[in-house]
Structure formats: structure tokens, C-alpha cells
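*Asks:* Encoded as C-alpha cells, here's the structure I'll be asking about.
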Amino acid sequence: MAPPFADPPRFDNSGHGPLAVPGFGFPLEQELHPEDRFTHGVREWFQEPNITARELAMLSFMDKITDKTTWSTDVFDDKATSQLYQEALRSRLVSPQTWD
1 MAPPFADPPR
11 FDNSGHGPLA
21 VPGFGFPLEQ
31 ELHPEDRFTH
41 GVREWFQEPN
51 ITARELAMLS
61 FMDKITDKTT
71 WSTDVFDDKA
81 TSQLYQEALR
91 SRLVSPQTWD
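Following full-length UniProt numbering, the numbering of the sequence shown begins with 1 at its first residue and continues without gaps.
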């Protein structure tokens, strides 16, 4: 059996040739290096780089803003940005310093 994480095998389940996956043309225990496969399950998942709760709040707020149909013009309107500012401050993770 090939050592784990040697040169990656050429798996193929496209249907355009013989099935080439673990158990069909490859040892059942054949594994890809974690960087070469899709993550499956919680054990292998991690966020890199880490993201803070404040950054998540900022991304969520940006998502909320850009869901508005007039967002692309509102960001240039002082009255609209003032309203967005007040809306952002209602979040416990957004402070006046965040806005600057």
C-alpha cells in the first residue's frame, strides 16, 4: 500500500472511464492529504485566518447594507449614511471607533 499522503492518486468518478476511487482501483484505505480534499465533518474544519466576532458583525452589516436596492447610491448620500451609522451603532459589537 502507498504511504499516506504520497503523490496524490488520480481519483476519477466522472463517468468518462473506469471508476477510480478508494475500493475501485485504489486501496480502500487510500487517503488524500487534507489540503487536497474537501473537508468533511467538524474534526478537519478550521478557520484560517481566525475572524473575530466584531469582524463577523461588520461583514453581517455590510451584507445587510448591500441587500438594499439603493445601496450603491445611498453610500454617497450623507443623510443615508447617517441612518446607516445609527443602525450600525445599535449592534453591541459596533462602536463609533468601528465606523472611523
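Idealized CB from N, CA, C, for every residue including glycine.
Buried or exposed: which applies to Ala53, given that a residue is buried once 16 or more other Cβ atoms fall within 10 Å of its Cβ?
*Replies:* Counting Cβ neighbours within 10 Å, Ala53 comes out exposed, since fewer than 16 surround it.
*Asks:* Does DSSP classify Phe24 as helix, strand or coil?
*Replies:* DSSP places Phe24 in strand when its eight states are reduced to three.
*Asks:* Are the region 51-67 and the region 23-37 touching by the rule of at least three beta carbon pairs closer than 8 angstroms?
*Replies:* Short answer: they don't touch.
*Asks:* Can you give me the Cβ contacts of Ser88 inside the same chain, cut-off strictly under 8 angstroms, excluding the 5 residues immediately before and after it?
*Replies:* Checking the displayed sequence, the identity of residue 88 turns out to be Ala instead of Ser. So the list reads Phe61, Val94, Thr98 and Trp99, once near-sequence residues are dropped.
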